[in-house]
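Structure first, then comments.
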Amino acid sequence: MATERYNAPEREPHWQKVWDEKGVFRTLNDDGRPKYYVLEMFPYPSGRIHMGHVRNYTMGDVVARYRRALGFNVLHPMGWDAFGMPAENAAMANKVHPAGWTYDNIATMRGQLKSMGLSIDWDREIATCHPEYYRHQQKLFLDMLAKGLVIRKSSKVNWDPVDMTVLANEQVIDGRGWRSGALVETRELTQWFFRITHYTEDLLASLDTLDRWPEKVRLMQQNWIGRSEGMLIDWDLAAGASKLPRGEKSLQIFTTRHDTLFGASFMAISPEHPLAQKLAGKVAGLPEFIAECRRTGTSAEALETAEKVGFDTGIFAVHPFDKTWKVPVYVANFVLMDYGTGAIFGCPAHDQRDLDFAEKYALPVTPVVVPSGADAKSFTVSGEAYVGPGRLANSAFLDGMTVEEAKSEVARRIEEKGRGTRRVMYRLRDWGISRQRYWGCPIPIIHCEACGVVPVPEADLPVRLPDDVTFDRPGNPLERHPTWKDVSCPSCGKPARRETDTMDTFVDSSWYFVRFCAPRADTPSDLAASRYWLPVDQYIGGIEHAILHLLYSRFFARAMSDTGHLDVKEPFAGLFTQGMVVHETYRRAGVEPPQWLLPTEVSIRTEGDKRIATEIATGKPAVIGSIEKMSKSRKNLVDPDDIIGHYGADTARWFMLSDSPPERDVQWTSEGFDAAWRFQQRIWRLVDEAVAIMAPRDASRPNALSAEAEALRRAGHKAVHAIGREIESLRFNRAVAQIYELANHLSLALQKSGAEGMPWVLREAVEFLVQVVNPMMPHLAEECWSRLGYNTLVADQPWPKADPALLVDETITIAVQVNGKRRDELVMPRTADKAEIEAAALKLDSVVRAIGGRAIKKIIVVPQRIVNVVA
RNA sequence: GCGGACGUGGUGGAACCGGUAGACACACGGGACUUAAAAUCCCGAGAUGGAAACAUCGUGCGGGUUCGACUCCCGCCGUCCGCACCA
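For what it's worth, our numbering labels the leading residue of the first sequence as 530, then goes sequentially.
This is the structure we're talking about:
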């Protein structure tokens, strides 16, 4: 009987229906089994899923299905990060409503994800743009406001004057708005902030407890929080060419190099510093200088290219240890107002920026730290600042001390004089969440002229977005809505104005994993449910979220704990960051700028060792370009729908797991994909052939097993054991390799089906194969399982148990080296002792030859591994 | 500039705690089946020399530790990523 091909596109929907109808993946909150919460970062409903989603959700699904088989109560939910700018951009471009656009996309993408056969409890689905979600977010906001974890303050933002909105730093390209192309201005706006800095110390210290996070991510967060120890020091001000503004007697600076205080040659303050603002009215030219600095903007690009410039204010600062020593005070563009005190002292010899500045303005450069071996009198610094260790010089009472000693001594003396204190400073800022956008969670606040800022009463939640808004003009549609913002003050009843800013969409994703625990609860969280499920045991997503999303979520867990909504501080116990999906790029030959071609638009043939691409439509040659992340702009896309529709989800899933380690990028190739497809068919054939020969399910174990049967038996048990371990440590590519090996063993065994005991062993090995394949290709596994005669689901089967006795071999191959070079190998019983192995090794011809009659100096024997004869 | 990761066949990659480098897969070559092709099955394969046995070399480069190094140490080179005027 000829085996028919396994028709995945036809069978996969069948099994999805079976799972769905039987509710196989529905999860109860506490059913007595140990829990396991596996979560992949939820998608933004951009329109269609892409291969990155396929990879991400496949990995999570393997973990979820494997844990289920191990007997865990698995929570594996899915939702939609559904607020955001693209919906509004679509609204502006296509005259559709953001809500309609978003919900349509969700429907499409839900269908696509379902076609992947993911073991998801769809009853728990949530969308952040739904009032049933965001009303709870508004409640969290109000509770955090009451606790002082939400504050309102003024801050600098990138303002796009054409689109009339605030832009994130990433949205400013070369000083222009990414969408409008308008020159971005720096504006001072009053905004809402989450006080993430309230938890700085804890967020930093607790990183050490996250032992199942990648070291890299913990380091990135550590650097982002940016702790540094230093001192605040007050310098008295003195008039010079300019007079001191009234009330300005001293200037406080922050430094981490107080040991270099005697190398000071200037002071520099930020253009936004209050002192600079006060001086601006008195010093000619200063207002213009400050305005020029402001124009530069706050984007990273702008800062990178900006030259260090300063403006001499004409006033002086007095050295804290020497009243006769005065240094000029500059306003300088490189001093940031929002770090430290917005003022520094310049020590050019030991700080590169200060040196650049000093050399430009001809300020003195006095080395005060001299490296060991250098002569204090002749040591000079120019061009490059000396930042290494050494002994203090030219520094009065500090001379001869090490840097550390000098820091302590300065700190002690300054504190004694009451001129400053030791201080730990952080880079981390509060999180500004106000966005002048429509498609986001409304901030539940009312502004009243009489009462000020008034929270919306809980009974009035949710503050719903109005549906009747227009996108024909730039700016915030909420702002120009005719009635929405007009309300009466909940406190005094007089006419008042609703807050029209909405929340940053990062807020939505900062607590969705809590909501999944009890998605229909009346309160934001259900304490019992979240206590049971959290923390997430395995979180999987892209490295691009290493800082913002993961830090915000850690903040939210703390803030929710402090407002009684949660009692877990670290939301993600295990984190895995997966690599991207990359693909070759193709473009038309000889055309500039490049005209990109889709992979489906080119055909590729091999000539010798060269690969040649041709544009199918025109027959003209195409250029094979670099391998890059799949993107619309480069057109190097493969559509998951096409793949799943033609070849089935299992093949795509298998491909995503094969070959490349999951943390690295995977390159999509048609050859690799073909291999995955062939392997799927091969398993189907293997099972089909085996069914014809294998023993019935209830057959008892034969009395004797042939060597071939015994070998297969061991291979099966070893594979089960190894694959489980690989999945547990998320090394899917190695699990895949192990499955190939098991399949190879089975192919071999099928040719020896007459060997004694083989039919009995075959059944076991084939069932093992189907079960270890199940987490990765679940539809195929179900099909095979039923082919094996079962009317149960493999999705419900426990993970097979490997017999420990079968995991160790009775005979072992031992490598034999002479002087560290491998010359031969020995097959010995596992129990062979050193003397036996040594004797056997010395008898080998190859060993005798290699020794060549020399005297044996030493023999190293590592039982079960290696022999090394040193001669 | 600061911080981090990674360099292994033609390709993706494997190699546990220092113990047979190249598992597994792709591509490639040869063969079987077929009128033929596809599919499938079998065999080969790091490089160099050799018909072969075998020998030599071989994990970015240069040193070191060790009976033994892809693995540990020191110094380079290259690629990639994150942060970046943070005082």
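Each residue gets a CB set at the ideal place from its N, CA and C atoms; glycine is no exception.
Being a predicted model, the structure only gives us computed values, none of them experimental.
Residues near residue i in its chain [Cβ-Cβ closer than 7 Å; skip 5 each side]
| i | result |
| --- | --- |
| Thr1106 | Pro743, Val746, Gly1070, Gly1071, Ile1072, Ala1075 and Glu1192 |
| Lys778 | Asp765 and Leu766 |
| Val1036 | Gln666, Ile962 and Cys970 |
| His1274 | Leu1241 and Ala1244 |
| Ala734 | none |
| Asp1353 | Val1345, Leu1373, Ser1375 and Val1376 |
| Asp841 | Pro857 and Tyr859 |
| Leu832 | Any reading at Leu832 must be qualified, since the residue scores a pLDDT of 49, below 50, and its modelled position is unreliable; the value itself is stated next. Closer than 7 Å at the Cβ level, and outside the excluded window around Leu832, lies no residue. |
| Ile1252 | Ala1264, Gln1267, Ile1268 and Val1301 |
| Ile1145 | Glu1130, Val1131 and Ser1132 |
| Thr1340 | Val1356, Met1357, Pro1358 and Arg1359 |
| Met638 | Pro572, Pro574, Arg577 and Ile578 |
Span separating the alpha-carbon of residue i from that of residue j
| i | j | result |
| --- | --- | --- |
| Leu766 | Lys889 | 24 Å |
| Met481 | Pro1358 | Any answer about residue 481 is impossible in this case: the structure gives the chain only from 530 up to 1400. |
| Met607 | Glu654 | 5 Å |
| Ser1155 | His579 | 20 Å |
| Ala656 | Arg596 | 26 Å |
| Ala1102 | Phe1084 | 15 Å |
| Val686 | Ile972 | 19 Å |
| Val1323 | Trp548 | 11 Å |
| Thr1360 | Pro1392 | 8 Å |
| Leu568 | Asp740 | 18 Å |
| Asp1171 | Thr1129 | 11 Å |
| Pro572 | Lys1139 | 39 Å |
| Lys1164 | Ser575 | 17 Å |
| Pro1150 | Asp1194 | 28 Å |
| Glu1401 | Ala1272 | Any answer about residue 1401 is impossible in this case: the structure gives the chain only from 530 up to 1400. |
| Arg1254 | Cys1046 | 28 Å |
| Lys1023 | Pro986 | 15 Å |
| Phe601 | Asp1033 | 36 Å |
| Pro1100 | Leu671 | 21 Å |
Cβ-Cβ distance between residue i and residue j below 7 Å
| i | j | result |
| --- | --- | --- |
| Gly949 | Met760 | yes |
| Val983 | Ser937 | no |
| Leu642 | Asp590 | no |
| Ala1204 | Trp1183 | no |
| Thr726 | Leu957 | yes |
| Pro1006 | Val998 | yes |
| Ala593 | Val603 | yes |
| Trp1328 | Tyr566 | no |
| Glu1285 | Ser1235 | yes |
| Gln751 | Asp763 | no |
| Asp1188 | Asn1303 | no |
| His1078 | Trp544 | no |
| Gly875 | Ala770 | no |
| Gln965 | Thr694 | yes |
| Ile975 | Ala872 | no |
| Val1152 | Arg1116 | yes |
| Ala940 | Arg951 | yes |
| Val1396 | Ala1364 | no |
Contact set for residue i: own chain, Cβ-Cβ below 8 Å, skip 5 residues either direction
| i | result |
| --- | --- |
| Glu1270 | Ala1244 and Ala1248 |
| Arg882 | Lys837 and Phe863 |
| Val932 | Asp788, Val898, Pro918, Gly919 and Leu921 |
Cβ neighbours of residue i in the same chain (closer than 6 Å, five flanking residues each side left out)
| i | result |
| --- | --- |
| Trp968 | Phe612, Ala616, Glu617 and Pro627 |
| Leu669 | Pro1053 |
| Trp651 | none |
Alpha helix (DSSP H) runs wholly inside the stretch 1001 to 1081, at least 4 long, in chain order: Those alpha helix (DSSP H) runs which fall completely within the stretch 1001 to 1081 and span 4+ residues are 1006 to 1009, 1034 to 1037, 1041 to 1044 and 1056 to 1062.
Ranges of the beta strand (DSSP E) found wholly within the stretch 1102 to 1169, counting only runs of at least 3: 1104 to 1107, 1110 to 1117, 1131 to 1136, 1139 to 1144 and 1150 to 1158
Ordered list of beta strand (DSSP E) runs contained in the stretch 599 to 676, each at least 3 residues: List check, beta strand (DSSP E) in window: 602 to 604.
Beta strand (DSSP E) runs wholly inside the stretch 561 to 603, at least 3 long, in chain order: 564 to 569
Sufficient close CB pairs (3 or more, under 8 Å) joining the stretch 886 to 901 to the stretch 915 to 933: In the pairwise beta carbon analysis, the stretch 886 to 901 is classified as touching the stretch 915 to 933: at least three pairs are separated by under 8 Å.
The stretch 679 to 696 touching the stretch 706 to 724, judged by at least three CB pairs closer than 8 Å: Three or more Cβ pairs closer than 8 Å define a contact, and the stretch 679 to 696 meets that threshold against the stretch 706 to 724.
Every unbroken beta strand (DSSP E) inside the stretch 1315 to 1358 [3 residues or more]: Fully enclosed beta strand (DSSP E) runs of 3 or longer: 1340 to 1347 and 1350 to 1358.
Cβ contact (3+ pairs, closer than 8 Å) linking the stretch 900 to 911 and the stretch 811 to 818: no
Minimum length 3: unbroken beta strand (DSSP E) runs contained in the stretch 1182 to 1244: none
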